[in-house]
Structures are given as structure tokens and as C-alpha cells.
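Step one of this worksheet: look at the structure below.
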Amino acid sequence: VAMALELHVTGKPDAVGATKCLAAAAAAGKHALRLVPADVGRIPLSLTPALRVEGSFIFGANAVARYLAAHTKGLRSADLDVDAWLWTEARLSGAAKGSAEAIAALSELDAAVAGGKTALVGSGLSLADLVVVPTAQAALAAFEDATQFAAARAYVAAVAATAPFKAAAAAVASDLAACGAPELDASVLSGSVLDTLTELFGAALAAAFPALGGGAMKTGGMVVANPNPKFLHHYQCNMGMPAFKELKKAGADVASPRAVSEALVAALPRNAVVARCEVAGPGFINVFLSPAYLAARVEHVLRAGVSGPKVTPVKVAIDYSSPNIAKEMHVGHLRSTIIGDTIARVLEFCGHEVVRINHVGDWGTQFGMLIAHLKDAYPDFESNPPNIADLTAFYKAAKVRFDAEEDFKKRAHSEVVALQAGDATNVRLWKLICAISEAMFRDVYRKLGIDERLEVCGESFYNPMLAGVCEELEKRGLAEESDGALVLKVEGHSVPLMVRKSDGGFGYDSTDLAAIRYRIHELGCKWLIYVVDAGQSLHFDLVFKGAQRAGWYSAESARVDHVAFGVVQSKDAETGKVTKFKTRSGETVRLVDLLDEAKTRAAAGLRERAAEGKSNLDDSKVEHAAEVLGYGGVKYFDLRRDRESNYVFEYDAMLTADGNTAVYMNYAHARVASIFRKMAEGEGEGGAAGGAG
């Protein structure tokens, strides 16, 4: 009885392999063998061609030819002479065209068929001929001299003219090209892998279970990256179980989630992305990407750069860093600055319009104290503008006087009243103090590589808006009097927002309400992000809900997020106790000191490596390299931590050359650069690891 068999072919069509299989089938005379595109859901690309027999597969051209020959009477397939020629064919197949190895194998064949022989084993066609002839035919094409290997050429021509090989050649000519893998187009090279896989499995769902196709069952989020790195697959499709539930609801006769997943794999469209799938456990589909696709995608990235995801671009305002004027940035500002800058870069890369906002603390009663002290310390400030080199010391001196001298305290109050009233002299001094602070901030931002487009827009910017906010909330009956203050109650909170204090002044609540209104209605932002420590979560929940109650935005009109983060801690070397990061005297650590210490330690490490002969970095370049490693080490150490958790600040962990650190990555990059440099110089890859900076 003739068997209808399928030879699955994909990847780059293999004419040699297909010819072996088709000729073997034709020689048998009982098998209707047709070429079909490989079932990519089941067959690894590297194992095709593959013969499908009663639901099972036989992988590899020689194995398929042996199977078919074994089921054919009179065709020798299983003896030592046949196996010897299969070994010769393997050597020839693995040799480069025209190479010494190919010449040796063809010479062996040429000698064996001298005298006009048309069979390698015995007097008739055998498995040896079925396997050797297609490979020899391809190998001989590399030699232009027709007299070379004349006997082998005559043998190959004679066997290729037999009926089995003519039938195989005709099938290869008509059907093989159509079985090749689909072309890798730009959409699958630059688009999201998750989106591509979701689309493929969505198509499989519609093909296998039409009732669930066309959006009847949501497929978003059902394909995920491999959640467990100990497994080798790349992605996982979890569509089987929810599809099973939907099918059962509809009364469909399906056996199990696993059976549904197997049907999805069988229905997966031909594509150039998926190499194979495995159904695991109750119905998880493990997806292995095609090596050819991965290689092409890497090449595309190297040539065209990384492409952002498909998004609907919106205007985004990101509020981050936000230090206080007249005070040094401290370690508490580290995380907001780094995380905020990173979010801004990522969203901009994705195609959004990003507004970077530095909401500095540049207003308040402390400025009366600073202005009063400045006038005393620099009485000729009008003609000789003061050069305040250490603003922190200046602030501390003013604070000491404010706490100890009653007269000074009264003067400070008068000065802030004059500032708020717009006194020209006080406004000029206030701007001077702000300018000195901003210069210090910029130095820290330079060290951390923060985008220069971070724009200062402090509390004072919103001062002209505060009265209007109060008036609007009062007129609409949303704000109410409470002990002389104006408050806005928020559902779910017992503590209201303080819109205006009982003394008529304004605080953080007022400013943040005005800011959220301005950013949405005046700047036109559809997404607001506040990168502030987790300790401010209650405050921002109140502000966001208060703004929603005021009708300034809704969940549909704008997105507002508080990106909270944990605090930076230190561990006592003696007790091991973990506390907030402070100096030995209990003061907050200056961020600039922390960064400079990282640079100093990195420089020491670089010089030590140079002294030990492990680096050829010139001493004149140590300064720059230490900045890269020191500042980068601090920055990367922070970014790789869980954002919402606290972490212990450890120089040794940040600056080690081992493990997941910026230093290790820089050394790895230097080694790669060294390889390219040595290749350009004609030295090859030898000793590439040495000489890395």
C-alpha cells in the first residue's frame, strides 16, 4: 500500500538534502512523498528536512533516506560497505568547496568508480548512491576542469539520469523554493518581539478555534518573556488555559488546556521568527526563537540602531531632583535625580515629548534669614557683589543666628515680608542666592551625566497662581474654612489638603495643586510623573485626588504617577546596624563628597592595576577614567536596585570589577574594543584581554 508521506523543509532550502530523500522515495516506488513547508511549531529549523510518518518525525536527510531504503525490497541499506560510503559522504558534505578535504573525498570516489561503474555497492542502486550522488554533484561544481575527477563525474551523471533521480530533480525544481522560510521583513526586525509573537499566536487561535478569533478572546499580555532563566526557551505563551475556559463555556468538545495548546502550536502560521515550540505542564507553550531571526535582528540593531516600541506619543512632564536652594544636594537627592533622568531618556526614546522639571525649593521664610545674614556679612553688597564660595556654611551661620538672636529673627521676618512684597534689593539678593545654588547643582549634574535640559521651575514660579487656585476652589464650593484655614477634603483621607494657611500663607499643598493644574492646562501635558521618595506617598495621593476632585484631570484625560523610591542607607562597620546615610557627626552626606570619594577610589584602583601590569592606561588618562568608573559605578549601582526598596550604599560593591557593576561592563567593553583595535592593526585576537583599561 502506498504511503502518503510529507518531507518538511524550511530555512534555506536544501536542494541536496531534499534530492536524497525524494530519490529514495522514488526508488522505493511505493511512497508518495511531497515537499511541504516545515511545521515550525514542532520542528527545529536545524533538523530539516524531516520526514513525517504517522504523526512522528525522522530528522535529517540521510536518516530519511535510510528509513525509506530500509522499507524497499532489493535496495541495500544496512551493511558495512554502505556505511563506509556514508562516512565518506559525511566528510565531503562537511568540507568547504574546493578544499583539500573535498579533493580527498572526491579522489576516493573517483578511484572507486573507475572503469565506468554506476553503483558504489553491488551492481544496483543502493542507499550509498542515493546519499553520495547529490553531495558529489554539488562538490564537483566547484572544480571547473571537466577532466578532473572524470570517473566520478561520469558516475554521478549516470546515476542522476536514472528514474528516481529524474523524479527527485523535477520535484525539487517545482516545489522546493516554495518551502523555504519566509523572508525576514523590516516589521519583524524592528518591531516588538512580544507584539510579533502575540500576533502569530492570535492567528493560530483564529485558525484552530474560529469562534475565539477576530477579537472574541483578548490575547494581549498572554505572551511573556521567559520568566525563569534556568529554562532555555525565550518566550512563553499562556493562551492555552484561558482559551480552554472560553471553549468550555461555549460547549466545545476540548479535552484539556494542554490539548488546546497543542492545537495552537499545530496552527501556528509559517514565519521566520519561531524555530520551534514545546508544550509543557498543563499547557504552557515554550517558544524558541529562530537563530537566523536572532542573528538578523542583532545585525539590524547594529546597522539601524535600537527601535522604540509603538506608542501614541504624548507630552510628559517629569518632576525630579528638586533640591533646596541655599543647601547642598545630599545623598537623599541621588535617587530622584538618577531615576528621573533615566525615565526621561526612556520616554523620549519611545517617542514622547518630555518636559524635564526641577521643582527646586526656592521660596519660604528661610530666605528672610539668608538675606538678613548676607546684608550683615557683606555690607557693601550693592557695590561689591558677594562671592559666597560655601553656601552650606553660609546657611548654617545664618541658622545659628536665627535660633540664638531674637533681633535677628525679627529682621529675618521683615526681610522675607519685603521679598514677598517684591522689594527690588531683596529680590536681587534672592536671585543671587538661587544662582549660586544652581551652579552647585549643575556641577553635580555634570558628574552624574544628567541631561542639561532639566529646567529649574521652582516653588516661586507658582506664587502668582496660588490666590487664583484658592478663589477657584472656593467659588466652586470645593474648599471650605477650617480653624481659619482653607482646606480641600479628599475622599479616603482624614487629613485634608491645606490650600491656604490660617495666617494667609501658602505651603507645599498649595504649590503642588497649582503645579499640577499648570502642567496639565497650561503646558498641555497628558502625563505627569513625580519622582519623589516613598515618604511623600500620602502627600501625593492627596494632591492627585484633590486635583481630580477639582476637575483638573480625570483618569481618561491624563495620567499622573508618583514614582516612589526607597532611601539610601549605610551600615555601621562595627555594629552592622543599617541606618539612613549620614556622616559620623550625624549630618546628611553631601552628594558631591560621595561622588568625589567614588572617583578617588576608582583612581586608586586604576593606578594599582597599572602598577601590577594589568593595564596599560597612561597616568594622564586616569583622571577621566576614574570619573567614568566612579560616577558611573554609583549611578549604575543605584539603577539596578529595586526602585521601591531601600539599599545600603557600599563603595566596594559599586566599584568591584566582578559581577553586575558598571566597572565590569566598562572593562568588558574595553576588551571588545581591544579586539577590534588589534584586528585593525593586523594582530588578530591574540592577547585581546590584555591592555583593557
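Numbering (our numbering), first residue to last: 511 to 1203.
Don't be surprised by glycine CBs; every beta carbon is placed ideally from N, CA and C.
CB contact flag (residue i, residue j, <7 Å)
i, j, result
"residue 1102", "residue 954", "yes"
"residue 718", "residue 774", "yes"
"residue 585", "residue 543", "no"
"residue 704", "residue 715", "no"
"residue 872", "residue 835", "yes"
"residue 1052", "residue 1000", "yes"
"residue 960", "residue 1129", "no"
"residue 630", "residue 638", "yes"
"residue 753", "residue 770", "yes"
"residue 702", "residue 819", "yes"
"residue 926", "residue 877", "yes"
"residue 946", "residue 898", "yes"
"residue 672", "residue 526", "no"
"residue 643", "residue 623", "no"
"residue 1091", "residue 1073", "no"
"residue 1175", "residue 1147", "no"
"residue 825", "residue 1087", "no"
"residue 823", "residue 861", "yes"
"residue 1080", "residue 1159", "yes"
"residue 528", "residue 559", "yes"
"residue 483", "residue 881", "Any answer about residue 483 is impossible in this case: the structure gives the chain only from 511 up to 1203."
Residue of the options minimising C-alpha distance to residue i
i, options, result
"residue 1106", "1070, 985, 1137, 873", "1137"
"residue 1007", "651, 1023, 792, 965", "1023"
"residue 1069", "1027, 1077, 1090, 1045", "1027"
"residue 735", "801, 627, 747", "747"
"residue 1132", "838, 1109, 750, 1002", "1109"
"residue 989", "1186, 797, 1011", "1011"
"residue 728", "737, 709, 853", "709"
"residue 573", "641, 937, 622, 589", "641"
"residue 1014", "996, 937, 1005, 733", "996"
"residue 1154", "849, 1019, 937", "849"
"residue 655", "684, 682, 608, 680", "608"
"residue 681", "788, 739, 696, 536", "536"
"residue 1221", "757, 706, 741", "For residue 1221 there is no data in the structure shown, the boundaries of the chain being 511 and 1203."
"residue 626", "659, 651, 650", "659"
"residue 795", "786, 802, 801, 1088", "786"
"residue 958", "841, 980, 771, 973", "841"
"residue 583", "618, 569, 539", "539"
"residue 1060", "606, 1071, 982", "982"
"residue 1062", "1080, 1045, 1034", "1034"
"residue 697", "977, 807, 1055, 930", "807"
"residue 1021", "1100, 1032, 1144, 980", "980"
"residue 670", "998, 657, 635", "635"
"residue 575", "1057, 531, 793, 857", "531"
Three-state secondary structure (DSSP) of residue i
i, result
"residue 835", "coil"
"residue 607", "coil"
"residue 1008", "strand"
"residue 734", "strand"
"residue 909", "helix"
"residue 1130", "helix"
"residue 562", "strand"
"residue 1165", "helix"
"residue 1104", "helix"
"residue 898", "coil"
"residue 1177", "helix"
"residue 923", "helix"
"residue 997", "strand"
"residue 582", "coil"
"residue 672", "coil"
"residue 1003", "coil"
"residue 888", "coil"
"residue 550", "In this prediction, residue 550 scores a pLDDT of 48, lower than 50, which makes its location untrustworthy; no coordinate-derived value is stated."
Supposed contact pair residue j and residue i - C-beta distance, whole angstroms, cut 8 Å
i, j, result
"residue 879", "residue 951", "21 Å between Cβ atoms; not a contact."
"residue 1127", "residue 1139", "The pair is not a contact, with the Cβ atoms about 11 Å apart (cut-off 8 Å)."
"residue 1076", "residue 1156", "4 Å"
"residue 678", "residue 533", "4 Å"
"residue 817", "residue 832", "Their Cβ separation, rounded to whole angstroms, is 33 Å, which puts residue 817 and residue 832 out of contact at 8 Å."
"residue 1041", "residue 803", "Between residue 803 and residue 1041 the Cβ distance is about 37 Å, and since that is not below 8 Å, they are no contact."
Residue i CB to nearest heavy atom of the ligand COA below 6 Å
i, result
"residue 718", "The ligand COA is not part of the structure shown, which contains no ligands of any sort."
Review point. Which runs of the beta strand (DSSP E) fall wholly inside the region 1043 to 1089 and span at least 3 residues, in chain order?
Key: Runs found: 1069 to 1073, 1078 to 1081.
Exercise for review: Could you pull out every unbroken alpha helix (DSSP H) segment of at least 4 residues lying fully inside the region 748 to 804, listed in chain order?
Suggested key: Runs of the alpha helix (DSSP H) lying entirely within the region 748 to 804 and spanning at least 4 residues, in chain order: 750 to 759, 767 to 776.
Exercise for review: Write down every uninterrupted run of the beta strand (DSSP E) in the region 828 to 876 whose length is 3 residues or greater and which is fully enclosed by it, in chain order.
Suggested key: With a minimum length of 3 residues, the continuous beta strand (DSSP E) runs that stay inside the region 828 to 876 are 863 to 868.
Practice item. Starting from the N-terminal side, write out each stretch of the alpha helix (DSSP H) that is 4 residues or longer and does not extend beyond the region 936 to 995. Key: Fully enclosed alpha helix (DSSP H) runs of 4 or longer: 973 to 985.
Review point. Taking only runs of the alpha helix (DSSP H) that begin and end inside the region 601 to 650, which ones reach a length of at least 4 residues, in chain order?
Key: The DSSP assignment places complete alpha helix (DSSP H) segments of no fewer than 4 residues inside the region 601 to 650 at 610 to 622, 637 to 650, in order along the chain.
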